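Per the numbering used here, the sequence shown starts with residue 1303, numbered consecutively. Ideal placement from N, C-alpha and C gives every residue a C-beta, glycine not left out. Source: prediction; values computed, not measured.
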Amino acid sequence: MNSSLQSLLALEEFIGDIVSMQKVWSFVPEAQLLRTLVDIKKIHTSTDPQRKRLLLFSFKKTVSDQAPAFRSNLQNDAYEFLTTVLAHMRGLSPLLHKVASHLGTRYTCPVESHLVFKMDITRMCKSCDIRSLRQEEFTNLSLDLIPEATVEQMLQLYLTETQLEYKCNCGGTESAQRFSFATLPEVLLLHLKRFRCTSVCKLEKANDPIRLPANMVVYTRKGNVQYSLISSISHFGVLELGHYICDSVHPGTDLGESSDRWLTFNDSQVCETSGSHICKERQHTAYILFYKKQGVQERWTDEPHQDVET
Ligand SMILES: [Zn+2]
């Protein structure tokens, strides 16, 4: 919970948007999650453990009231926790839109404005070549782990055509499917699937090293967009038990600044580090990555994909 929270708190504009919407959610009982998160942000730099403890218990209770899997003190997956929190936050959106319109104002869901992106999913029948296109919304992508590969390469693999069984009207049963970005988020949340099946079909943790770039380019049909790493959650241990830590850009640091100041949040210990150190040290452990959009590159994409008729 600490690592997931530290990563969310590192998304300054995301948290800023929640704070700016305070008028809308402050008196809505269902929005306890937003209130607690903002309260945690307010005492983020406090050294009073008792105040933090109460708020963290309150946060855990709010999340586990919706998702009972997090009620106990058993070890849980940080990715599941994080996506549960984001889904909960997003689920408040219809109610808060209504409240906002009663108040004569507008509500912007922080998850929708910072993390959500759309993907085009194209399916093509191998027998008759008929294509169908649908669009889906995502808040993150789960990438297959490729040892020694860069995050960019793992993302590229996700966008590569795959084969699937699908019964077409023509009678064909084999189709090809491909994902491509229709929109890109302000913050791209990536989850690395650090597990594999053993020869006896048992899941085990994969500690294979990857190459963790400070900057990467995401290719879309509309252009190439540069992203910079601003936070990562690492897992140390095996599948059943272990420890999470979070590394994030030092608050108030402009990306691209030569200072490269970062912080490592290891439960109650917080220490200074640098982004270049993190990219090197977390190759075996990086599990969840937060990349922030930096800008669209001028030149048009060299993306190897063809355009699709819709
Ligand atoms: Zn067909």
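Cβ-Cβ distance between residue i and residue j below 8 Å
i	j	result
V1365	F1359	no
F1483	T1522	yes
N1474	C1430	Checking the sequence, you will find Gly at residue 1474 rather than Asn. For G1474 and C1430, yes; Cβs fall inside 8 Å.
L1466	S1477	yes
L1435	F1497	no
D1367	P1449	no
A1516	C1581	yes
T1338	T1385	no
L1313	F1592	yes
R1584	L1514	yes
L1461	I1512	no
R1408	Q1479	no
M1303	K1362	yes
L1405	K1524	no
Contacts around residue i, its chain only, beta-carbon distance under 8 Å, and the 5 residues preceding and following it disregarded
i	result
V1519	E1454, N1526, V1527, Q1528, Y1529 and Q1599
D1319	T1410, P1412, S1415 and H1416
I1345	R1353, K1354 and L1357
E1438	K1420, M1421 and I1423
L1457	L1443, L1445, L1492, M1518 and V1520
K1469	T1475
E1463	A1478, Q1479 and R1480
S1578	A1516 and D1562
V1247	For residue 1247 there is no data in the structure shown, the boundaries of the chain being 1303 and 1612.
S1348	K1354
P1351	S1570
6 Å CB neighbourhood of residue i in its chain, flanking five on each side removed
i	result
I1590	Y1381, H1493 and I1535
F1316	P1412 and H1416
K1594	V1489, S1530 and I1532
P1606	Residue placement at P1606 is flagged as unreliable, the pLDDT there being 46, under the threshold of 50; a coordinate-derived value is accordingly withheld.
A1369	T1386
D1569	N1304
C1427	C1470, G1474 and S1477
T1575	W1564 and T1566
Q1377	L1543
T1472	As written in the sequence, residue 1472 is Cys, which differs from the Thr given in the question. Closer than 6 Å at Cβ, skipping near neighbours: S1429 and C1430.
T1452	R1513 and P1515
L1459	none
R1601	Since pLDDT at R1601 reaches only 48, below the 50 mark, its modelled position is unreliable, and no value is offered.
Close-in-space but distant-in-sequence residues of the same chain around residue i (CB under 7 Å, 5 per side omitted)
i	result
F1538	G1544, H1545 and T1587
V1321	V1340
T1555	S1561 and R1563
Q1596	Q1528, Y1529, S1530 and L1557
H1390	L1335, V1365 and Q1368
A1402	V1326, R1408 and Y1409
L1388	V1413, L1417 and T1441
K1495	S1444, L1445, D1446 and L1447
D1604	Caution applies to D1604, whose pLDDT of 45 falls short of 50 and renders its modelled position unreliable; the value that the coordinates give is listed next. Correct list: empty, nothing qualifies.
T1500	E1506
D1379	none
M1323	Y1409 and T1410
N1375	none
F1383	M1303, S1306 and F1372
Beta-ladder partner(s) of residue i, from DSSP
i	result
R1433	M1426
K1507	F1497
C1573	T1566
V1489	K1594
D1630	Lying outside 1303 to 1612, the shown extent of the chain, residue 1630 is not represented and no answer is given.
V1520	V1527
L1356	Note: L1356 sits in no beta bridge, so no partner.
I1535	C1548 and I1590
M1391	Per DSSP, none; premise fails for M1391.
Q1479	R1425 and T1464
Min CB distance residue i to chain B below 8 Å
i	result
E1467	Structure shown: chain B not included; a single protein chain is present.
contact_flag[the segment 1332-1341, the segment 1391-1408] where n(CB pairs < 8 Å) is 3 or more: Yes, the segment 1332-1341 touches the segment 1391-1408.
At least 3 beta-carbon pairs within less than 8 Å: the segment 1306-1319 vs the segment 1538-1551: These segments touch.
For ligand 1, residues whose Cβ lies under 6 Å from any non-hydrogen atom: In chain order, the hits are C1427, S1429, C1430, I1432, C1470, C1472 and G1474.
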